[in-house]
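Q: The following block contains the structure, expressed as structure tokens.
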Amino acid sequence: MDPAGLLLFSSALFIAAASPGPGIAAIVARVLGRGPRGAVAFSMGVALGDVVWLSFAVLGLAALAQTFHGIFLVIKYLGAAYLLYIAYKLWTAPAASQEVEANRAAEHPAKLFLAGLAVTMGNPKVMVFYLALLPTFLDLTRITVLGFAELALAALTVLGVVFAGYIVLAARARRLFTSPRAVRILNRATGTVMAGAAAAVAAR
Numbered sequence: 001m002d003p004a005g006l007l008l009f010s011s012a013l014f015i016a017a018a019s020p021g022p023g024i025a026a027i028v029a030r031v032l033g034r035g036p037r038g039a040v041a042f043s044m045g046v047a048l049g050d051v052v053w054l055s056f057a058v059l060g061l062a063a064l065a066q067t068f069h070g071i072f073l074v075i076k077y078l079g080a081a082y083l084l085y086i087a088y089k090l091w092t093a094p095a096a097s098q099e100v101e102a103n104r105a106a107e108h109p110a111k112l113f114l115a116g117l118a119v120t121m122g123n124p125k126v127m128v129f130y131l132a133l134l135p136t137f138l139d140l141t142r143i144t145v146l147g148f149a150e151l152a153l154a155a156l157t158v159l160g161v162v163f164a165g166y167i168v169l170a171a172r173a174r175r176l177f178t179s180p181r182a183v184r185i186l187n188r189a190t191g192t193v194m195a196g197a198a199a200a201v202a203a204r
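Number 159 in the UniProt record's numbering belongs to position 159 of the sequence shown; there are no gaps in the numbering.
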């Protein structure tokens, strides 16, 4: 694929990914409420979802996605249900004194990965980017196998940078909260954000 097209794709994806949406809200809320542990597995699932939608766009499967609308609807609501579950856990989490202690309850990486994937597969913002906007600045009918590999690698790189930035900022922000009252406010605020992300996913 020509460098100009790859750069255009990467720049457009960076802008789209960095702007707040259900995926970013989910990642940030997870880190604020539970600490950075598990954020990598969750983010990898979110990123892989982008590659799946990229595949649909490149292969011209937008119509197929519409055909299997019911399946994507189930995935979308599973993603929304997971976000609501995390929102509930944040709202009901006890406030630690003196230090902000992340929720250390064990979560299997595969579960986190699949949850992140479900969030992206049901994210209307991602769907619009790949199925509606991407064809307007890239000729997807001329993408070769190598070109697709380059686009997928670029997408994973861009998303990795964006998600890592949000994870680091969220991890630093949660350290500012040291009193039980502040922790309670943090948990409920991030729980509200998570619930809002779930509503955004389910409403589209």
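Glycine included, C-beta positions come from ideal geometry on N, C-alpha and C. Note that the structure is predicted; figures quoted are calculated from it, not measured.
(1) Whose C-alpha, out of SER55, ALA12 and ALA29, is nearest the C-alpha of ILE167?
(2) Could you say which of ALA4, ALA173, LEU59 and SER43 lies nearest to LYS111 if we only look at CA atoms?
(3) Three-state secondary structure (DSSP) at MET121?
(4) Using only the alpha-carbon positions, how far apart do TRP53 and TYR130 sit?
(5) Is it the case that the Cβ atoms of ALA87 and ALA195 are separated by a distance below 7 Å?
(6) Mapping DSSP to helix, strand and coil, what is SER19?
(7) Determine the direct distance from the alpha carbon of LEU8 to that of LEU32, and round the result to whole angstroms.
(8) Using only the alpha-carbon positions, how far apart do PRO109 and THR92 sit?
(9) Work out the CA separation of ASP2 and LEU84 for me, nearest whole Å.
(10) Would VAL126 and THR120 be called neighbours here (beta carbons separated by less than 7 Å)?
(11) Do PHE148 and residue 210 count as a contact pair if the criterion is CB distance below 7 Å?
(12) Hey, how far is the Cα of ARG174 from the Cα of ILE143?
(13) Do VAL40 and ALA152 have their beta-carbon atoms positioned less than 7 Å apart in this structure?
(14) If you reduce the DSSP assignment to three classes, tell me which class LEU32 lands in.
A: Inspection of the coordinates gives the following:
(1) ALA29
(2) SER43
(3) helix
(4) 6 Å
(5) yes
(6) coil
(7) 33 Å
(8) 23 Å
(9) 42 Å
(10) yes
(11) As shown, the chain starts at 1 and ends at 204. That puts residue 210 outside it, with no answer to give.
(12) 43 Å
(13) no
(14) helix
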